[in-house]
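Everything on this sheet refers to the single structure shown next.
Number of protein chains: 2
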Amino acid sequence: MVREKPDRAGVEAAARRIAGEVVRTPLLPVEIGGVWLWVKAECLQRGGSFKLRGAANRLIQLSDEERGRGVVAFSSGNHGLGTALAARKLGMSAIIVMPSDAPAVKRDAILAAGARIVEMNRATESREEIGARLAEETGGTLVPSFDDIDIIEGQGSVGVEIEHQLGQAPDKVIVPCGGGGLSGGIALALPDSEIVIVEPSGWDDMTRSLERGSIVPVPDDAPVTRCDALQTKLVSPLTFGALRDAGARGVAVTEDEIAAAMAFAARQLRIVAEPGGAVALAAALAGKTGPLTERTVIVVSGGNVDPLVYAEILRAQAAEAPRSS
Amino acid sequence: MVREKPDRAGVEAAARRIAGEVVRTPLLPVEIGGVWLWVKAECLQRGGSFKLRGAANRLIQLSDEERGRGVVAFSSGNHGLGTALAARKLGMSAIIVMPSDAPAVKRDAILAAGARIVEMNRATESREEIGARLAEETGGTLVPSFDDIDIIEGQGSVGVEIEHQLGQAPDKVIVPCGGGGLSGGIALALPDSEIVIVEPSGWDDMTRSLERGSIVPVPDDAPVTRCDALQTKLVSPLTFGALRDAGARGVAVTEDEIAAAMAFAARQLRIVAEPGGAVALAAALAGKTGPLTERTVIVVSGGNVDPLVYAEILRAQAAEAPRSS
């Protein structure tokens, strides 16, 4: 039977399917505005982001014949790395199509995982088209980064873990959103929780789509953002639908708020958050996400940031901060 | 019955006693020299180091009357913070005696936890004497940083968790050593595992004590080290005895090796390690700890590092690293 959209049972099945492949990332306690709440530190996942979850859920279900032909993924980095790691674990070859301006830290990790990289120009070429052509040429399976039932259900395993670790469903989950695979999957996993998705300013297409009730793209003149992982120009009906049906709403954060959240994560949580991974924390710290409770969970979704860029952000933030002593 | 030394049963009891107070920190997979092994990320503990464990184990066992009189601790930072957090949780007042050159990040966190700080000069005053005097004046309980059965057993809960998480005892545990509370406790928890303790060069008094078979102090002309958390001039018979009886051995690492390990931790594990917390990882990366296996566990014991110092270390390491692309 062909399934038309992801659902909660699928998320729960995915969580069981991939449990042996993924790190059960911790819920870390953190104080914001006098309230102790929780950060789901998915930057501590294998490969440094939640992306392994969806890729593993997809690849595990391939037949032996499909496995033999390998996989193709297009990605700015984290999805490529998640796919490369899942492929290596299953003995499959992997080709990752990446924009040439992707962070070196992500390219290096993908190469280290044994995958082949095909570079493309983000401005003039379509990675979707290149990916589809490579899949056709090699016979390999194309692994989309979010517009896929298995991928969304795999990412949703984050929500299943949160409920287990908290001992109950959270009041609210605040989660970064690019294409919506992670946030859509979590919304399916936790139907009784309030879902707040967070995007960088100017790239808040899911937020505006949810407000409008239909999908709107990112405008062509969107501003520069450090959030390479969240530069998705158009979300998919699958992810949009999951968030819309959950009554999710969105907020946007500035680059300064993101940098402050990265420094906060290092100092108060001792975790490395990449810009796109830190947007939900940034929104909570900026007071943009409504009341916080002790059953609120903020997802930090990735930690793959260029070391020089990271050092410079931390230095600038430390130099700005008032010295208390 | 007065107990003379810490033991395995005591460590297991401590682990049960404090389970509700501490974060069950994750075992994170990491590849070193082609082998996938594990990092116990205790920098993700509440307060940013393992120190909460020992303090909680000590304070929970105080009588209501003792709790009412508060606690006094002397500490370069992490033990003070662990004690302050445990005291706050139990509704107790806390006075922390700290050297005036302790990192601001640690002082700030202790103040934020509601404790009072008394500063002293590391070169000319004895924090032990000041702590003892304050304890006498206030009637408060003195909480030593390592020379105490309850403290050692509490820190040993790290070893109990490692065995549970790994599903079996590790082959080898590589662990930072200051006074030896953490390493001694782990040695008691894991009697069948090889224990390798790691110290900064010139501060390797436990290493030399284990080689010699009796306690030797750090010489007065010990070099400057960034490892504020490991500047212990003399270990205790309790910690030395636990490590000696376990057949533990030690190695020393340089400041450069420590900085490289901090950068590796940020990039490959997405965790913030402070200098003293990174020494065991540094030793493993430098090939100083003998064969590594997939059942080797490296403890990263703390992540409280001054933000400007941290940014500068990451910047220098990133600038030095060969660019692979």
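If you read the sequences in order, they're chains A and B. Following the working numbering, the numbering of the first sequence begins with 643 at its first residue and continues without gaps. Following the working numbering, the numbering of the second sequence begins with 643 at its first residue and continues without gaps. Each residue gets a CB set at the ideal place from its N, CA and C atoms; glycine is no exception.
Using the DSSP secondary-structure output, state which residues sit across from Met-740 of chain A in a beta bridge. Taking the first sequence and counting its residues from 1, one reaches residue 740 of chain A at position 98. Note: Met-740 of chain A sits in a beta bridge opposite A:Glu-761.
Residue range of the unbroken beta strand (DSSP E) whose run includes Ile-839 of chain B: Here the question's residue 839 of chain B lines up with position 197 in the second sequence. That run of the beta strand (DSSP E) goes 836-842.
Please report how far the alpha carbon of Arg-957 of chain B lies from the alpha carbon of Leu-950 of chain A, in whole angstroms. Taking the first residue of the second sequence as 1, we reach residue 957 of chain B at position 315. Taking the first residue of the first sequence as 1, we reach residue 950 of chain A at position 308. Answer to the nearest angstrom: the Cα atoms are 6 Å apart.
Could you spell out the range, first to last residue, of the beta strand (DSSP E) harbouring Lys-682 of chain A? Along the first sequence, read from residue 1 onward, the residue named residue 682 of chain A stands at position 40. Unbroken beta strand (DSSP E) run through Lys-682 of chain A: 677-683.
Taking all protein chains shown into account, do 16 or more other C-beta atoms lie within 10 angstroms of the C-beta of Asn-946 of chain A, making it buried, or fewer, making it exposed? On the first sequence, residue 946 of chain A is found 304 positions in, with the first residue counted as 1. Its Cβ being crowded by 16 or more others within 10 Å, Asn-946 of chain A is buried.
Between Gly-892 of chain A and Glu-841 of chain A, is the Cβ-Cβ spacing less than 8 Å? Residue mapping note: residue 892 of chain A aligns to position 250 of the first sequence, counting from 1. Residue mapping note: residue 841 of chain A aligns to position 199 of the first sequence, counting from 1. Yes, these two residues count as a Cβ contact at 8 Å.
Could you check whether the Cβ of Val-817 of chain A sits closer than 8 Å to any Cβ belonging to chain B? The residue given as residue 817 of chain A occupies position 175 in the first sequence. Not closer than 8 Å to any Cβ of chain B, the Cβ of Val-817 of chain A fails to qualify, so no.
Three or more C-beta pairs closer than 8 Å, one from the region 779-799 of chain B and one from the region 704-714 of chain B: is that the case here? Because the criterion of three Cβ pairs below 8 Å is met, the region 779-799 of chain B and the region 704-714 of chain B touch.
Whose C-alpha, out of B:Arg-850, B:Lys-875, B:Glu-853, B:Val-866, is nearest the C-alpha of Val-860 of chain B? Counting from one through the second sequence, the residue named residue 860 of chain B turns up at place 218. Across the set B:Arg-850, B:Lys-875, B:Glu-853, B:Val-866, the C-alpha of B:Lys-875 shows the shortest separation from the C-alpha of Val-860 of chain B.
Less than 8 Å between the C-beta atoms of Glu-684 of chain A and Ser-943 of chain A, yes or no? Position 42 of the first sequence, counted from the start, is the residue given in the question as residue 684 of chain A. Position 301 of the first sequence, counted from the start, is the residue given in the question as residue 943 of chain A. A contact, by the Cβ cut-off of 8 Å.
Assign Gly-892 of chain B to one of three DSSP states: helix, strand, or coil. Locating residue 892 of chain B in the second sequence gives position 250, counting from the first residue. Three-state result, Gly-892 of chain B: strand.
DSSP on Ser-967 of chain B, reduced to helix/strand/coil? As a working mapping, residue 967 of chain B is identified with position 325 in the second sequence. Because Ser-967 of chain B sits at a pLDDT of 40, beneath the cut-off of 50, its placement in the model cannot be relied upon, and the point is left open.
Taking a contact to mean a Cβ-Cβ separation below 8 Å, would you say Arg-924 of chain B touches Asp-846 of chain B in this structure? As a position in the second sequence, residue 924 of chain B is number 282, starting the count at 1. As a position in the second sequence, residue 846 of chain B is number 204, starting the count at 1. Note on residue identity: the sequence assigns Ala, not Arg, to residue 924 of chain B. Result no, Cβ atoms of Ala-924 of chain B and Asp-846 of chain B do not sit closer than 8 Å.
Using only alpha-carbon positions, find the residue among A:Gly-929, A:Gly-796, A:Ala-908 that is nearest to Leu-701 of chain A. By one-based count along the first sequence, residue 701 of chain A stands at place 59. A check of alpha carbon separations from Leu-701 of chain A across A:Gly-929, A:Gly-796, A:Ala-908 identifies A:Gly-796 as the nearest.
Quick one: is Tyr-952 of chain B buried, meaning 16 or more other Cβ sit within 10 Å of its Cβ, or exposed? Counting from 1 along the second sequence, the entry for residue 952 of chain B is found at position 310. If you draw a 10 Å sphere on the C-beta of Tyr-952 of chain B, you find 16 or more other C-beta atoms in it, and that means buried.
Once DSSP output is grouped into helix, strand and coil, what is the label at Pro-879 of chain A? Translated into positions along the first sequence, residue 879 of chain A becomes position 237. It is helical.
Suppose you measure from the CA of Arg-937 of chain B to the CA of Val-817 of chain B; what does that come to, to the nearest Å? Numbered from 1 along the second sequence, position 295 holds the residue referred to as residue 937 of chain B. Numbered from 1 along the second sequence, position 175 holds the residue referred to as residue 817 of chain B. Taking the straight line from one Cα to the other gives about 14 Å.
Please work out which residues of its chain come closer than 6 Å, Cβ to Cβ, to Ser-966 of chain A, disregarding the five sequence neighbours upstream and downstream, and give them in chain order. As a working note, residue 966 of chain A is residue 324 in the first sequence. Only weak support is given to the placement of Ser-966 of chain A: the predicted model assigns it a pLDDT of 44, under 50, and the value that follows is read from those uncertain coordinates. Nothing meets the Cβ criterion.
Distance, Cα to Cα, Ser-814 of chain B vs Trp-680 of chain B? Residue numbering aside, residue 814 of chain B sits at position 172 when the second sequence is read from its first letter. Residue numbering aside, residue 680 of chain B sits at position 38 when the second sequence is read from its first letter. According to the sequence provided, residue 814 of chain B is Lys. The question's Ser does not apply to it. Cα-Cα distance, rounded: 11 Å.
Could you tell me the alpha carbon to alpha carbon distance between Ala-751 of chain A and Ala-926 of chain A, rounded to whole angstroms? Within the first sequence, the letter at position 109 stands for residue 751 of chain A. Within the first sequence, the letter at position 284 stands for residue 926 of chain A. Between the alpha carbons of Ala-751 of chain A and Ala-926 of chain A lies a distance of about 30 Å.
On the three-state DSSP scale, how would you describe Ser-799 of chain B? Here residue 799 of chain B refers to the residue found at position 157 when the second sequence is read from its first residue. Helix, per DSSP.
Counting only beta-carbon atoms, is Ser-966 of chain B nearer than 8 Å to chain A? Start at 1 with the first residue of the second sequence, and residue 966 of chain B comes out as number 324. Note that Ser-966 of chain B has pLDDT 44, beneath the 50 cutoff, so the model's placement of it is unreliable and the number below is only indicative. Yes, Ser-966 of chain B lies at the interface with chain A (some Cβ there is under 8 Å from its Cβ).
If you measure from the beta carbon of Val-665 of chain A to each beta carbon in chain B, is any gap under 8 Å? Counting from one through the first sequence, the residue named residue 665 of chain A turns up at place 23. Taking Cβ atoms only, chain B reaches closer than 8 Å to Val-665 of chain A, which makes this a yes.
Cross-chain neighbours of Ile-738 of chain B in chain A, by beta carbon under 7 Å: In the second sequence, counting from the first residue as 1, residue 738 of chain B sits at position 96. Those within 7 Å of Ile-738 of chain B in chain A number zero; the least Cβ separation is about 14 Å.
Leu-670 of chain B touches chain A at which residues, Cβ-Cβ below 7 Å? Walking along the second sequence from the start, residue 670 of chain B turns up at place 28. Those within 7 Å of Leu-670 of chain B in chain A are Val-665, Leu-686.
Roughly how many angstroms separate the alpha carbons of Ala-726 of chain B and Ala-744 of chain B, rounded to a whole number? As a working note, residue 726 of chain B is residue 84 in the second sequence. As a working note, residue 744 of chain B is residue 102 in the second sequence. Distance from the CA of Ala-726 of chain B to the CA of Ala-744 of chain B, rounded to the nearest whole angstrom, comes to 16 Å.
Under the three-state reduction of DSSP, which class applies to Gly-944 of chain B: helix, strand or coil? In the second sequence, the residue the question calls residue 944 of chain B occupies position 302. In the structure shown, Gly-944 of chain B sits in a strand (DSSP, three-state: E or B).
Just to confirm my understanding: we take Lys-930 of chain A, look at its own chain, exclude 5 residues before and 5 after, and list those with CB closer than 6 Å. What are they? In the first sequence, residue 930 of chain A corresponds to position 288, counting from 1. Cβ neighbours of Lys-930 of chain A beyond the five flanking positions: Val-893.
Taking the straight line between their C-alpha atoms, what separation do you get for Val-858 of chain B and Ser-851 of chain B? Mapped onto the second sequence, residue 858 of chain B falls at position 216. Mapped onto the second sequence, residue 851 of chain B falls at position 209. The straight-line gap from Cα to Cα measures roughly 5 Å.
Buried or exposed for Thr-849 of chain B, please, with buried defined as at least 16 other CB atoms from any protein chain shown within 10 angstroms of its CB. Residue 849 of chain B sits at position 207 when you count from the first residue of the second sequence. Under this definition Thr-849 of chain B is a buried residue.
When you compare only the Cα positions, how much space is there between Ala-754 of chain A and Val-939 of chain B? Start at 1 with the first residue of the first sequence, and residue 754 of chain A comes out as number 112. Start at 1 with the first residue of the second sequence, and residue 939 of chain B comes out as number 297. Roughly 22 Å separates the two Cα atoms.
Identify whether Leu-669 of chain A lies in helix, strand or coil by the three-state DSSP scheme. Counting from 1 along the first sequence, the entry for residue 669 of chain A is found at position 27. Leu-669 of chain A falls in the strand class under three-state DSSP.
Between the Cα of Val-672 of chain A and the Cα atoms of A:Ala-915, A:Gly-801, A:Leu-911, which residue gives the shortest distance? Locating residue 672 of chain A in the first sequence gives position 30, where the first residue counts as 1. For Val-672 of chain A, the nearest C-alpha among the options comes from A:Leu-911.
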